[in-house]
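Novice: Top to bottom, those sequences are chains Z and Y.
Numbering-wise, the first sequence is residues 686 to 1059 according to my numbering.
Numbering-wise, the second sequence is residues 686 to 1059 according to my numbering.
Idealized CB from N, CA, C, for every residue including glycine.
Keep in mind that this is a model prediction, so the values were computed, not measured.
After the C-alpha cells below, expect a handful of questions from me.
2 protein chains.
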Amino acid sequence: MTVGFSLLGRDGEARRGLLETAHGGVDTPAFMPVGTAGTVKAMLPASVAATGAQIVLGNTYHLMLRPGAERVGRLGGLHRFMNWPGPILTDSGGFQVMSLSKLRRIDPDGVTFQSHIDGSTQRLTPQSSIEIQHQLGADVTMSFDECTPFPATHAEAAASMRLSMRWAARGKTAFAARAGYGLFGIVQGGVYEDLRLESARALTDIAFDGYAIGGLAVGEGQDVMFHVLDATVPALPADRPRYLMGVGRPADIVGAVRRGIDLFDCVMPTRAGRTAQAFTWRGELNLRNARHRDDPRPISEGCACPACTGHSRAYLHHLIRSDEILGAMLLTWHNLQFYQDVMRGLRGAIAAQSLADWCAGFDEQQAMGDIAAV
Amino acid sequence: MTVGFSLLGRDGEARRGLLETAHGGVDTPAFMPVGTAGTVKAMLPASVAATGAQIVLGNTYHLMLRPGAERVGRLGGLHRFMNWPGPILTDSGGFQVMSLSKLRRIDPDGVTFQSHIDGSTQRLTPQSSIEIQHQLGADVTMSFDECTPFPATHAEAAASMRLSMRWAARGKTAFAARAGYGLFGIVQGGVYEDLRLESARALTDIAFDGYAIGGLAVGEGQDVMFHVLDATVPALPADRPRYLMGVGRPADIVGAVRRGIDLFDCVMPTRAGRTAQAFTWRGELNLRNARHRDDPRPISEGCACPACTGHSRAYLHHLIRSDEILGAMLLTWHNLQFYQDVMRGLRGAIAAQSLADWCAGFDEQQAMGDIAAV
C-alpha cells in the first residue's frame, strides 16, 4: 500500500532515494517538469522522457476546468490522455485557485471561485480535490490547502496553516489507499519557524505518504527560504519523501537538496524556454539579445539536447526574433535537459559523498557567467 | 555538373524518379515541406526527416530580410544553420515580394520593395536572387521571376511572362554551375495555353536543370490548373525534373502527379497544423470542433506520427482549445506525415503500374469523409 520510498544514501542532510509508484520508479532528488494542462508545454512526452525526467506534475485546477476531470477519467486517466506512461504527481488546485481564479470565497469547508477561463462558478473542497486527483489517476495526490498569502502576519499565517491542517485531515479520510499510490501532506506556516514546526507535527500525526513544504518561493527570498527549510526538514519523518513545491532556480534546488529535499517542481525551465532564457552551468543566457546573432557556438558545449547538438546561438536568436515555435521548443528542451543534468549531478555527488565539492564547483561556475561570449 | 535526375519508371504521364543533389537523393514524386524562415514551423529537423521528407524548401525573401543571407553564409550556410543535412531548394523571392512586401516598384532589371519586417528598402534582381541563394547554399536554385497577378488579361500575362523569361536568361548567366547544384527555370503565362507554351520554349532554349510551373493555385481553380498542366507538361524536357510550385491540397498533388509533375511544395500541411486542421485519407478534420472532445480514437488509424500513435482526438481537441504549442506540433507532424504517406503511395503505385486504381481508391476514400466520427 502507498508509494514506496527507499533511502539509498546520504551526504550530510542530502539524500539519494528511490520513489516507487504504480507507474514506475523515480530516482531522487528529482525535478518534476510541470505539465499544467496535460502537456509539458512545447514538448512531446517522449522528449520529456529523453531529458531524463521520470515524473511529471499535472495541475488539478487547470484540468478540472478544461477538459474536466471526469472527461479525463472517461478517456482512461491522465497518463493515457497525455501519453505519459511514467509517474504523475498532481497538485491539489489550492495554489492556482489563489493565483488564477477570480472572486474567491474561502469558508471552513473549502473554496468557491470563478473559473479564469469561462467565469463559471466552481468549488474545491479537501474531499473534492482528492476525488478529482483520483479521477485523473495521480500516482501522488496532494492535500488541498489554503495558499497563505505573502507577506502574512504571524496571526494570519497561523490561522491559514491551521485551516490547511484541518483540511489535510479531511483529505486523508477521503483518500482511498491503493498500492503504488500515495497522498502527501503540505507543511504551511509562512516564514514562521514555530508555525512550520506545528504544521509538521500536525501532518506527521495524521501520517502521510510524503511531506511537501508549501508557501515558499513566493517572494521571501532565498535566505529566508533556506532558513525555513533548516527549521522544518528535521521535523519531517526521515523515511518518507520530502517535496519542496514550486522551487525553483537551479541554485535554489541545489541549496534545498543540501537541506534534505527529495522532490521539486517549477515552471521556471519551461516558461523561461518560451521567453528566450536558457539555463546553463555558466548562468543564464537571454537568446533574444543581439550579441548572440553571429555566435556559432551552442548554448552549452556537452549538453545532449537537440538545441545544443544541432544549433548555434545565432540560429536560436534568429528563431526567437522571428517568433518561431521551434525557438520555444528548442529552449524548453534545453532547459529541461539542464535541470535534469543538475539533478543527475546532485544524485551522483551524494552517491560519491562529494556533495560539498560538487556544490562549490556549481556555485563557482554559475558565478563565472558566460565569459567566453562573443 | 548540375543535379542528377534519373527516370525510374512511368505509369501514363506519371513518373518515378531520383533527383540527385550535393546533399543526397530525393525519390520523386516528392513533396517538400516549407521551411520559410529556416525552420519547418513547429518541427525539429529530425522530425521532418522522420516523416520521410528528403528535401525542404527555404525562402529567399524571408532569409534575406532576417537573419540576412550573408549572415547565414558566414554561419556555414542554410543546411548547417537549420541543421537539415539533406537537399534544400530555395525559391527566388519573387512570389513573396509580390505577396508580402510593400511599395513594390518593378523595373526592367528587378524589383525594389519595402521589407514587411522593418520597412527598409530592399532590391532583388535576377542576378542578386541567384547570389543570395548561393550564399544560402541551395542545392536547387530557382530563377527570379515576376509573379503574374491573378486574374490577368492575355496582354498582362504575356508582358509579365516575357519579363520573367528575360530575367531567367540573366539568372542562368549569373548561376555558377557546380556538381550537385542546379538551377530551375519557371514557366509562367497565367491561364493562357499559348503563353505557357511560349514560356516553356523560351526556358528550354536557355536550358535549365529543371523546370518549374509557377503562377498556379492562385485562385484559378483545380480544373483550370489541371488544364494548364495538360497543355504545359508535354512541352517540358522529359529527362529533367518538373516542379509545380506552391501546390497544394492532397487531391491537387495526386492530379498533378498523374500529369507528370515530380516535385511539390506547399505551406498547406504546416499552416493547417497550426490552425487545428488535419488531413487524412478520409478527408479533412477540424480538431477544434466540439464533436471531437470525447473521441478516444486517433486522427488516423495506421498513421505512424506521434499524434496518431500516442493521442486521442479528444486530447488534440483539448490542446487546441487550450492554445497549447503541443497541439500545433502534433498536428503539423501529422499533416507532414500524411503528405509523405501520399507521396509514398503515389511512388509505389507508379512502380506497380497501378496508379489509376490507386487514384480511384484515393478519391473514393477522400469523398467518403469521416463517417465513423462520434
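Establish whether the CB of E1009/Z and some CB of chain Y are separated by less than 9 Å.
Specialist: Yes, contact with chain Y.
Novice: For Q1025/Y, name the three-state secondary structure that DSSP assigns.
Specialist: Q1025/Y: helix per DSSP, three-state reduction.
Novice: Would you check if there are 3 or more beta carbon pairs closer than 8 Å linking the stretch 1011 to 1028 of chain Z to the stretch 958 to 968 of chain Z?
Specialist: Result yes; three or more Cβ-Cβ pairs closer than 8 Å.
Novice: At the level of alpha carbons, what is the spacing between N744/Y and P770/Y?
Specialist: Answer to the nearest angstrom: the Cα atoms are 17 Å apart.
Novice: Can you list, in chain order, the residues of the stretch 951 to 965 of chain Y whose Cβ is nearer than 9 Å to any Cβ on chain Z?
Specialist: Here the close residues are R959.
Novice: With a CB to CB cut of under 8 Å and the five nearest residues on each side skipped, what residues in its chain are close to D824/Y?
Specialist: Same-chain partners within the cutoff: V688, T706, A707, H708, I740, P772, I773, L774, G865, Y866, G867.
Novice: So M1014/Y contacts chain Z; which residues on that side make the cut at Cβ distance below 8 Å?
Specialist: Going along chain Z in sequence order, the residues near M1014/Y (Cβ under 8 Å) are A727, L729, I1010, M1014.
Novice: In terms of residues, what are the limits of the alpha helix (DSSP H) holding F1047/Z?
Specialist: 1040 to 1053 is the extent of the alpha helix (DSSP H) around F1047/Z.
Novice: Starting from E705/Y and walking both ways along the beta strand (DSSP E), at which residues does that stretch end?
Specialist: That run of the beta strand (DSSP E) goes 699 to 706.
Novice: Roughly how many angstroms lie between the CA atoms of H764/Z and A727/Z, to the nearest whole one?
Specialist: Straight-line Cα distance between these residues: approximately 18 Å.
Novice: With DSSP run on the structure shown, which of helix, strand or coil describes E841/Y?
Specialist: Here E841/Y sits in helix by DSSP.
Novice: For Y877/Z, name the three-state secondary structure that DSSP assigns.
Specialist: Of the three classes helix, strand and coil, the one that applies to Y877/Z here is coil, per DSSP.
Novice: As an exercise, report each continuous alpha helix (DSSP H) stretch of at least 4 residues that is fully enclosed by the stretch 951 to 992 of chain Z, in chain order.
Specialist: Within the stretch 951 to 992 of chain Z, the complete alpha helix (DSSP H) runs of at least 4 residues are 953 to 958.
Novice: Measuring alpha carbon to alpha carbon, tell me which residue in G737/Y, T713/Y, R701/Y, L703/Y is nearest C988/Y.
Specialist: Cα-wise, what sits closest to C988/Y is G737/Y.
Novice: Could you give the residue range of the alpha helix (DSSP H) that holds R1006/Z?
Specialist: 998 to 1006 is the span of the alpha helix (DSSP H), which, as asked, contains R1006/Z.
Novice: Helix, strand or coil: which one does DSSP assign to D890/Z?
Specialist: D890/Z falls in the helix class under three-state DSSP.
Novice: Suppose only complete runs of 3+ residues qualify. What are the beta strand (DSSP E) ranges in the stretch 785 to 821 of chain Z, listed by chain order?
Specialist: With a minimum length of 3 residues, the continuous beta strand (DSSP E) runs that stay inside the stretch 785 to 821 of chain Z are 787 to 792, 795 to 799, 806 to 809.
Novice: Compare the Cα-Cα distances from V733/Y to each of A885/Y, S805/Y, L1021/Y and report the closest residue.
Specialist: Comparing Cα positions, the closest option is L1021/Y.
Novice: If you draw a straight line from the alpha carbon of P981/Z to that of A999/Z, how long is it in whole angstroms?
Specialist: Each residue's alpha carbon lies about 6 Å from the other.
Novice: By the criterion of Cβ-Cβ separation under 7 Å, what are the contact partners of F1023/Z in chain Y?
Specialist: Per Cβ cutoff of 7 Å: no residues; F1023/Z is ~18 Å from chain Y at best.
Novice: At least one CB of chain Y closer than 9 Å to the CB of A1058/Z: is that the case?
Specialist: In this prediction, A1058/Z has a pLDDT of 49, which is less than 50 and means its spatial position is unreliable; nothing more can be read from the coordinates.
Novice: Does the distance from the CB of G702/Y to the CB of P919/Y come in under 9 Å?
Specialist: No, these two residues do not count as a Cβ contact at 9 Å.
Novice: Short of 7 Å Cβ to Cβ, which residues in the stretch 1023 to 1042 of chain Y face chain Z?
Specialist: If the cut-off is 7 Å between Cβ atoms, the stretch 1023 to 1042 of chain Y has nothing near chain Z.
Novice: So C1044/Y and R934/Y are in contact, right, with Cβ under 8 Å, and what is the actual spacing, rounded?
Specialist: Between R934/Y and C1044/Y the Cβ distance is about 14 Å, and since that is not below 8 Å, they are no contact.
Novice: Return no unless some Cβ of chain Z is closer than 9 Å to the Cβ of L821/Y.
Specialist: Taking Cβ atoms only, chain Z never reaches closer than 9 Å to L821/Y, which makes this a no.
Novice: CB-CB under 6 Å to A1058/Z, same chain, minus the five flanking residues each way: which ones, in chain order?
Specialist: Low confidence applies here, because A1058/Z scores a pLDDT of 49, under 50, leaving its location unreliable and the question unanswered by this model.
Novice: Count the CB pairs spanning the stretch 749 to 762 of chain Z and the stretch 1001 to 1014 of chain Z that are closer than 8 Å, and state whether there are at least three.
Specialist: Taking 8 Å as the limit for Cβ pairs, the verdict is that the stretch 1001 to 1014 of chain Z does not touch the stretch 749 to 762 of chain Z.
Novice: Using the C-alpha atoms, what's the distance from M686/Y back to T965/Z?
Specialist: Taking the straight line from one Cα to the other gives about 46 Å.
Novice: Beta strand (DSSP E) containing L774/Y: first to last residue?
Specialist: Looking at the DSSP string, the run of the beta strand (DSSP E) that includes L774/Y is 773 to 775.
Novice: So what does DSSP say about A864/Y, is it helix, strand or coil?
Specialist: The answer is strand: DSSP assigns A864/Y an E or B state.
Novice: Going along the chain, which residues of the stretch 968 to 1000 of chain Z sit with their C-beta nearer than 8 Å to a C-beta in chain Y?
Specialist: Answer in chain order: R978, D979, P981, P991, G995, H996, S997, A999, Y1000.
Novice: Is it buried or exposed, H1002/Y, if we count other Cβ atoms within 10 angstroms and call 16 or more buried?
Specialist: Buried.
Novice: How is A1058/Z classed by DSSP in three states: helix, strand or coil?
Specialist: Bear in mind that a pLDDT of 49 at A1058/Z, under 50, signals an unreliable position, so the number given afterwards is only what the model happens to contain. In the structure shown, A1058/Z sits in coil (DSSP, three-state: anything other than H, G, I, E or B).
Novice: Counting pairs of Cβ atoms below 8 Å between the stretch 973 to 980 of chain Y and the stretch 947 to 957 of chain Y, do you hit three or more?
Specialist: The stretch 973 to 980 of chain Y, when compared against the stretch 947 to 957 of chain Y, does not touch it at the 8 Å Cβ threshold.
Novice: Taking only the alpha-carbon atoms, compute the straight-line gap between M1028/Z and P714/Z and give it to the nearest angstrom.
Specialist: Going from the Cα of M1028/Z to the Cα of P714/Z covers about 6 Å.
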